[in-house]
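The numbering of the sequence shown is our numbering, which starts it at 157 and goes up by one. Since the structure comes first, as structure tokens, the remarks are kept for the end.
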Amino acid sequence: MRRRPLVAGNWKMNTTIREAQQLAEAVVKAGADVVDRDIMIAPPFTALEAVSRIVRDSTSVQLAAQNICWAEKGAFTGDISPVMLKDTGCSMAIIGHSERRHVFGEDDAMINKRVLGALEFDLVPVFCVGETLDEREAGKTMEVLENQVRSGLAGVTADQAETIVIAYEPVWAIGTGKTATVEQAQEVHAFLRRLLGSMFQKNIATQIRILYGGSVNPENVDALISQEDVDGALVGGASLKADLFDRIIHFR
Ligand code: PEP
């Protein structure tokens, strides 16, 4: 089964509100002819509301936050609640991005709370997993990923699992210009799908979209997404350049 592809742009800590509006306008324009795939953009929190006004009439572009708290409100200084994110027009949230794990020290238990919080409020988690270079070189890639997936999705029901998006982002490929080969990506994606099948059910695992992320660009996107179990891309750097992202969402 071929799942509906998703091309997601993670703008990270970039763009003023004005710059975000201009980029969002370009993405909406680029995505106007798109019917067989979804597009998601994740601007910084400060630009969500402004960007929401630009994407709300688009049938193909969805708005995401770059992180999400599990609680509805209260004493969580610096975090943003699912209710607040829905209020800005978000329908999705990136969770467990490698920069959250490795720069800010978010662990699997916290990431799991964020996943459950997003699901409780009907936001789609884009749940990120990935191994470091040391872990890959030590032959521990699958073990690390299995731990991340089992802990990050603990307590998720089969019905909820169907709606989530997983992003496989090898840490060594994020922002480095190094991309996993198509064979490496496919091997991991197939492994993740088998794992999801054993945690939920096979027919649920076949519906879950698994994106590849890590230095995706116009030159490598076609080959990556042509792989059986690669259902789209999570794009960082290249999503900040309207022309590059335009080409990526029009992957062939
Ligand atoms: C990312 O931020 O999720 C990412 C994959 O970044 P880049 O495309 O720049 O490697």
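Here a beta-carbon is modelled for each residue, glycine too, at the ideal position from N, C-alpha and C. Keep in mind it's a predicted model, so treat the numbers as computed, not measured.
Next item on the list: Run the proximity test for ILE330: is its beta-carbon closer than 7 Å to any non-hydrogen atom belonging to the ligand PEP?
Entry: yes
Item checked: Nearest-angstrom Cα separation, counted from VAL190 out to SER132 -> There is simply no residue 132 to check, as the chain begins at 157 and stops at 408 in what is shown.
Margin query: Just to confirm my understanding: we take SER237, look at its own chain, exclude 5 residues before and 5 after, and list those with CB closer than 7 Å. What are they?
Written below: CYS225, ALA227, GLU228 and LYS229
Next item on the list: Report the rounded CA-to-CA distance for VAL312 versus ARG270, giving the unit in angstroms.
Entry: 11 Å
Notebook entry, point to check: Straight-line CA distance for TRP328 to VAL211?
Noted result: 32 Å
Next item on the list: Verify whether the separation of the beta carbon atoms of ALA198 and ALA180 is less than 8 Å.
Entry: no
Checklist line | Straight-line gap, THR297 to GLU291 (C-alpha atoms, nearest Å) | finding: 6 Å
Check: Short check: CB of ILE251 to CB of VAL285, under 8 Å?
Finding: no
Next item on the list: Find the nearest neighbour of GLU302 within the set ALA317, PHE277 and LEU351, judged by alpha-carbon distance.
Entry: LEU351
Note to self: DSSP has GLN218 in a bridge; who is on the other side?
What the structure shows: MET196
Notebook entry, point to check: Helix, strand or coil for ASN223 per DSSP?
Noted result: coil
Notebook entry, point to check: Does the beta-carbon distance from ALA206 to GLN177 come in below 8 Å?
Noted result: yes
Check: Once you ignore the five residues that flank CYS246 on each side, which residues in its own chain have a CB closer than 8 Å to its CB?
Finding: LEU204, SER208, LEU219, ALA220, ALA221 and LEU279
Notebook entry, point to check: Does the stretch 349-363 come close enough to the stretch 391-398 to have 3 or more Cβ pairs within less than 8 Å?
Noted result: no
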